[in-house]
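>
In this note's numbering, the protein residues as written are 237 to 454.
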């Protein structure tokens with residue numbers, strides 16, 4: 237077990253049982269990002285850092301023709317995800333794997349080299365080498381594919397006292413908003429010939445960024 241896996245298991249061994257009930261109040265923008273995915277019929281969707289499987293279950297329900305995949309470094313969270321997927325009756329459509337977002341091989345894990353849609357929801361803010369994860373994930377997009385990232389934003393429109401309290405609270409959970417996320421995504425787009433769009437939501441509380449790979453790119 238890697239240090240990252242051990243740390244996440246320690247953090248979520250108990251929290252995972254109340255994670256979905258509590259996080260719905262402040263992980264804003266997840267459902268909007270899922271609604272924006274719109275994978276092609278029969279397309280594939282990978283969630284990196286799938287946690288409890290909450291998003292994957294919603295994706296499978298929203299897009300019944302999609303093939304869904306999820307990976308997470310925490311075995312404890314994946315145990316909860318497997319239970320959630322089973323309760324939803326989606327075990328035949330959702331495949332899960334234990335892997336570190338900083339170093340994974342989708343071909344070895346899922347038998348697929350690329351995906352039509354990739355989602356990273358509130359995970360980059362917990363991964364120290366987040367820029368490398370972002371760049372590597374973009375490399376696993378199929379031609380015409382899209383990488384959707386939703387996470388804590390730059391908070392530009394929020395009152396100063398609220399921002400101070402929010403960031404102290406997030407730090408207690410080893411969460412660091414990536415203030416340069418938009419620039420990082422724009423840099424990947426420029427270097428790889430992708431299209432990048434970034435939208436600040438809820439006065440900057442969250443950000444939804446999309447990297448789109450042109451269909452003609454090999």
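All residues carry an ideal CB built from backbone N, CA and C; glycine is no exception.
The structure presented is a predicted model; accordingly, all values stated were derived computationally and were not measured.
Going by Cα to Cα distance, which pick from 353, 419, 450 and 427 is closest to residue 275?
Against the chain shown, residue 275 aligns to sequence position 39. Of 353, 419, 450 and 427, the residue nearest in Cα terms is 353.
> Go ahead and label residue 404 buried or exposed: buried means 16 or more other beta carbons lie within 10 angstroms of its beta carbon, across all protein chains shown.
Taking the chain shown and counting its residues from 1, one reaches residue 404 at position 168. Residue 404 is exposed by the Cβ-count criterion.
> First and last residue of the alpha helix (DSSP H) that includes residue 391?
Within the chain shown, residue 391 is the residue found at index 155, counting from 1. Here residue 391 belongs to no alpha helix (DSSP H), and DSSP marks it neither H nor E.
> Can you pull the DSSP bridge partners for residue 306?
Start at 1 with the first residue of the chain shown, and residue 306 comes out as number 70. For residue 306, which the question treats as bridged, DSSP gives the partners 283 and 332.
> Please work out which residues of its chain come closer than 8 Å, Cβ to Cβ, to residue 271, disregarding the five sequence neighbours upstream and downstream, and give them in chain order.
What you label residue 271 is simply residue 35 of the chain shown in a count that begins at 1. Counting only Cβ-Cβ distances below 8 Å, and skipping sequence neighbours, we find 298.
> By DSSP, does residue 448 sit in helix, in strand, or in coil?
Residue 448 sits at position 212 when you count from the first residue of the chain shown. Note: residue 448 maps to strand in three-state DSSP.
> Buried or exposed for residue 445, please, with buried defined as at least 16 other CB atoms from any protein chain shown within 10 angstroms of its CB.
For this step, residue 445 is matched to residue 209 along the chain shown. The residue is buried, with at least 16 neighbouring Cβ atoms inside 10 Å.
> Sort 371, 410, 408 and 411 by Cα distance to residue 421 and report the nearest one.
What you label residue 421 is simply residue 185 of the chain shown in a count that begins at 1. When only C-alpha atoms are compared, the closest one is 371.
> Verify whether the separation of the beta carbon atoms of residue 434 and residue 361 is less than 7 Å.
What you label residue 434 is simply residue 198 of the chain shown in a count that begins at 1. What you label residue 361 is simply residue 125 of the chain shown in a count that begins at 1. No, the Cβ-Cβ distance between residue 434 and residue 361 is not below 7 Å.
> As a quick exercise: from 323, 408, 278 and 338, pick the residue whose alpha carbon is nearest that of residue 309.
Locating residue 309 in the chain shown gives position 73, counting from the first residue. Selected option, being the one with the closest Cα: 338.
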